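Q: Let me begin by handing over the structure; questions about it come next.
Numbering (UniProt numbering), first residue to last: 1 to 102.
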């Protein structure tokens, strides 16, 4: 399966590889402005999400449902757009706008 996010609705979707099934992952909170996503493990997902800069979502049932477990708040004047997980498990969040502040 594939996990995808709808940026404006903040909904995470589980999509079958053949495209025959698209289901919203049941969550208690929306992932508003969720943009880039990256798997930390089969059960953990990093979501680059504007403000806060990133969130970690976990699922214990094959992504039928998930819960928000951690938040990272980066610089207030930057908008997070993508996340990358390195081989050692470290997460890097990229930002698209600096809004001129240092």
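C-beta atoms are modelled at their ideal positions from N, C-alpha and C, and glycine is treated no differently.
It should be emphasised that the depicted structure is a prediction, and the values quoted were computed from it without experimental measurement.
For a test of the three-state rule: what should DSSP assign to residue 37, helix, strand or coil?
A: On the chain shown, residue 37 is found 37 positions in, with the first residue counted as 1. Reduced to three states, the DSSP call for residue 37 is strand.
Q: Would you tell me roughly how many angstroms separate the C-alpha atoms of residue 18 and residue 42, rounded to the nearest one?
A: Mapped onto the chain shown, residue 18 falls at position 18. Mapped onto the chain shown, residue 42 falls at position 42. Roughly 20 Å between the two C-alpha positions.
Q: Comparing alpha-carbon positions, which option in 40, 2 and 26 lies nearest residue 88?
A: Along the chain shown, read from residue 1 onward, the residue named residue 88 stands at position 88. Comparing Cα positions, the closest option is 40.
Q: By alpha-carbon positions, which one of 2, 60, 94 and 86 ends up nearest to residue 72?
A: On the chain shown, position 72 is the one that residue 72 refers to. Nearest C-alpha to residue 72: 94.
Q: Using a Cβ-Cβ distance cut-off of 9 Å, determine whether residue 31 contacts chain C.
A: In the structure shown, chain C does not exist; there is a single protein chain.
Q: Leaving out five residues before and five after residue 55 in sequence, what residues of the same chain have Cβ atoms less than 6 Å from its Cβ?
A: Translated into the one-based positions of the chain shown, residue 55 becomes position 55. If we look at residue 55 and ignore the five residues flanking it on each side, its Cβ neighbours are 47, 49, 68 and 71.
Q: Within a Cβ cutoff of 6 Å, which residues of the same chain sit near residue 92, ignoring the five residues on either side of it in sequence?
A: Indexing the chain shown from 1 puts residue 92 at position 92. These residues qualify, in order along the chain: 84.
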